[in-house]
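Chains as they are written, first to last, in the numbering used here: chain H, 1 to 620; chain C, 1001 to 1174. All residues carry an ideal CB built from backbone N, CA and C; glycine is no exception. What follows is one structure encoded as structure tokens, with my remarks underneath.
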């Protein structure tokens, strides 16, 4: 809000103390040279007074303009800035109504209209905001200031819609940002001041019916405000862009960290879909990745409230995208922005395929962005917006493309990390097996031969028998070691258990309706088969309980391996009722106790339940 | 790639949106040029581009799917680095010229391949004579010719000198 500086009108005491013309004439005497001089002096003083007042008014308006400039620059939120500009403009030129129309990308139509002076009810009664026809379109076609005495009488006027207040005087100026016309300021119904200056456009003799006309001073003031508004809008847009970019970078960093810390790809992609939808302000986001056999499989979907969807988003997890254009899109390394509108004669099936994955509107913009690393094809991100997001998405697609590129690198790094750790494990096993074969077995074998020789030389039967027994034991030990070496060369059990848990969580996602996050921290190498079976049972039972009882929107599974192995299954559901049948939990408790561990079920804050199963690992 | 909802109607046009650019892709060897010119027009007009592929009747579903993917690839290459250009992909079956005239109703411009002198089916000429919108014919990467609504190519040549000055939407022409 502007606060015009209060100023005291200047006093010209010496001038006002002079006798006036009327007073000089009272005596009825003919005017003398003195009277003539006084008459001229009065005119001069009046002129000086008027000039002083005009100067004072100019200073006041200048001060008000500066206040307005400060006001419009005081905030960096674009919508606030636009509203302030309109309000300040109305106050500066005493306009009853004001509006700021934002031009679309085509530069021909208004895509946003910020009004001032009309209540919400009045705006709703009028209906759709103007799109830039009539007199408003005149400013779009010819972006220069316009002052009209009666807007309705202008040849370009299309008249007012129903429920629109009657407007007469009009002042419009374009708002430029560098060389680009951002939009226009429209002001109507000047409220005070009756001066009529030249420059108002003639309109075929139509007489003005409003309160007052806008003046050349109003126009100059508004042009100056529009210049300042352009800078304020530019700053707000840059700030908005940098803030949005920072949020996208934060998301990239989060997903990267999760993947490199050991979260499985499916969970990380679920998280990525969630954050992508939030950041894009979209209705639906989907992430699909190529699997080991080359199928493009949906790994993450976030698509609005599941209860509103005919098909719950989680139900499509694991679906293979068969249609050929998905592969073509990824192979071409090109993003594409599909746009279907209500009333289109045809339905773009590519767009429909994405939108039907969740709860998106049947029409609207849909972005398909491939995830690639160099020549490697990794997957695709798809995002679908509401129909009214058309003007917004153009700025989001480049950010999505950058995110997809980063995700490609992150996935490659995480897969490389997994491969390296797997390779290191295999190399370690190979080294151990080689050492046992080359050193331990040979020594035992030599020792056995030595003992056999000693047995032949032994005279005592009991000594010979005991030496033979020792040789037999050594033989058995050698056989055990050979068996262990054979086991070490088999496919790693670490990978099998880990993948079994990943697969289990993925399968459970279909029942849950969402994809639980999964983190495996530490090695699960060398666990005894029965311990592995118990661990799998804990994860399965935990997730089944969430699906059956929790009414949760999200869940997480964390397996931590150290001196003990801990499994935590947490959700954000309604919690466990005290009366609930807990036979499943009793079984889990028994499994924990059989390994020297325990089971804890506790409430989470603000809602939900956490099941914590901990046991001492039995290793082979 | 699409499901017709009502035959013959054009894409939705709102007073808020610039009218569409329609890329008419037929099997005439010029699909890549047509797609490229259509994308350039769409960028210039800040408009949506509708890639419409017309296939002959009687193709098997496999053949149709294959053509769909091929057309999609052509469009993707035309959209190279034009991430903000909105588009749709449609495939229809029938006689190319009639289908394109029908589907381009309500559009700003229809882009089609220019007829070769020995062409048996003159799709470009038919579109120029019957389309309700401007028709841009293309025969190479930079070889385009715009015929405004209501003028055949020969008539346009007579008018071209005058039209070039007062048609603000006119694309680069040869």
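Beta-bridge partners of residue i, as assigned by DSSP
i: residue 97 of chain H; result: H:188
i: residue 1113 of chain C; result: C:1138
i: residue 614 of chain H; result: H:566, H:598
i: residue 381 of chain H; result: H:287, H:369
i: residue 116 of chain H; result: H:98
i: residue 180 of chain H; result: H:177
i: residue 146 of chain H; result: H:172
i: residue 1030 of chain C; result: DSSP lists no partner for residue 1030 of chain C.
i: residue 619 of chain H; result: H:527
i: residue 609 of chain H; result: H:603
i: residue 231 of chain H; result: Looking at the DSSP assignment, residue 231 of chain H forms no beta bridge with any residue, so it has no partner.
i: residue 298 of chain H; result: H:288
Classification of residue i by the beta-carbon crowding that lies within 10 angstroms, buried from 16 upward
i: residue 197 of chain H; result: Because the pLDDT at residue 197 of chain H is just 44, under 50, the model does not fix this residue reliably, and the value given afterwards should be weighed accordingly. Looking at its Cβ environment, which holds fewer than 16 other Cβ atoms inside 10 Å, residue 197 of chain H is exposed.
i: residue 556 of chain H; result: buried
i: residue 438 of chain H; result: exposed
i: residue 419 of chain H; result: exposed
i: residue 1145 of chain C; result: buried
i: residue 166 of chain H; result: exposed
i: residue 607 of chain H; result: exposed
i: residue 72 of chain H; result: buried
i: residue 590 of chain H; result: exposed
i: residue 335 of chain H; result: buried
i: residue 1118 of chain C; result: exposed
i: residue 190 of chain H; result: buried
i: residue 74 of chain H; result: exposed
i: residue 21 of chain H; result: In this prediction, residue 21 of chain H scores a pLDDT of 40, lower than 50, which makes its location untrustworthy; the coordinate-derived value is nonetheless stated afterwards. The residue in question, residue 21 of chain H, is exposed, as its Cβ has fewer than 16 Cβ neighbours within 10 Å.
i: residue 146 of chain H; result: buried
i: residue 551 of chain H; result: exposed
i: residue 1023 of chain C; result: buried
i: residue 574 of chain H; result: exposed
i: residue 278 of chain H; result: exposed
i: residue 92 of chain H; result: buried
Closer than 7 Å: residue i CB and nearest the ligand MN heavy atom
i: residue 92 of chain H; result: The ligand content of the structure shown is nil, which means the ligand MN is not present either.
Any C-beta of chain C under 8 Å from that of residue i
i: residue 332 of chain H; result: yes
i: residue 346 of chain H; result: yes
i: residue 392 of chain H; result: no
i: residue 310 of chain H; result: Unreliable positioning characterises residue 310 of chain H in this predicted model, as indicated by a pLDDT of 47, which lies under 50. A coordinate reading is not provided.
i: residue 372 of chain H; result: no
i: residue 183 of chain H; result: no
i: residue 325 of chain H; result: yes
i: residue 321 of chain H; result: no
i: residue 401 of chain H; result: yes
i: residue 338 of chain H; result: yes
i: residue 328 of chain H; result: yes
i: residue 155 of chain H; result: no
i: residue 136 of chain H; result: no
i: residue 335 of chain H; result: yes
i: residue 70 of chain H; result: no
Integer Cβ distance of residue i from residue j, believed to fall under 8 Å
i: residue 171 of chain H; j: residue 156 of chain H; result: No, residue 171 of chain H and residue 156 of chain H are not in contact; Cβ-Cβ is about 15 Å, not under 8 Å.
i: residue 329 of chain H; j: residue 370 of chain H; result: 6 Å
i: residue 1109 of chain C; j: residue 1021 of chain C; result: 5 Å
i: residue 160 of chain H; j: residue 152 of chain H; result: 7 Å
i: residue 566 of chain H; j: residue 507 of chain H; result: Contact flag wrong, Cβ pair sits at about 22 Å.
i: residue 174 of chain H; j: residue 226 of chain H; result: 7 Å
Test: residue i CB closer than 8 Å to a CB of chain H
i: residue 1054 of chain C; result: no
i: residue 1040 of chain C; result: no
i: residue 1132 of chain C; result: no
i: residue 1086 of chain C; result: yes
i: residue 1083 of chain C; result: yes
i: residue 1236 of chain C; result: One cannot answer for residue 1236 of chain C here, as it falls past the ends of chain C, which runs 1001 to 1174.
i: residue 1065 of chain C; result: yes
i: residue 1033 of chain C; result: no
i: residue 1068 of chain C; result: yes
i: residue 1023 of chain C; result: no
i: residue 1090 of chain C; result: yes
i: residue 1122 of chain C; result: no
Q. For the segment 1038 to 1093 of chain C, which segments carrying the beta strand (DSSP E) assignment without a break, of at least 3 residues, lie completely within its bounds, in sequence order?
A. As for any beta strand (DSSP E) of minimum length 3 sitting wholly inside the segment 1038 to 1093 of chain C, the runs are 1049 to 1055, 1086 to 1093, ordered along the chain.
(Q) Please give me, in chain order, every unbroken run of the beta strand (DSSP E) with length at least 3 that falls completely inside the segment 506 to 574 of chain H. (A) Qualifying beta strand (DSSP E) stretches, in chain order: 517 to 521, 555 to 561, 565 to 571.
**Q.** Ordered list of alpha helix (DSSP H) runs contained in the segment 387 to 465 of chain H, each at least 4 residues
**A.** If only uninterrupted alpha helix (DSSP H) runs of at least 4 residues are considered, those enclosed by the segment 387 to 465 of chain H are 390 to 393, 396 to 435, 441 to 457.
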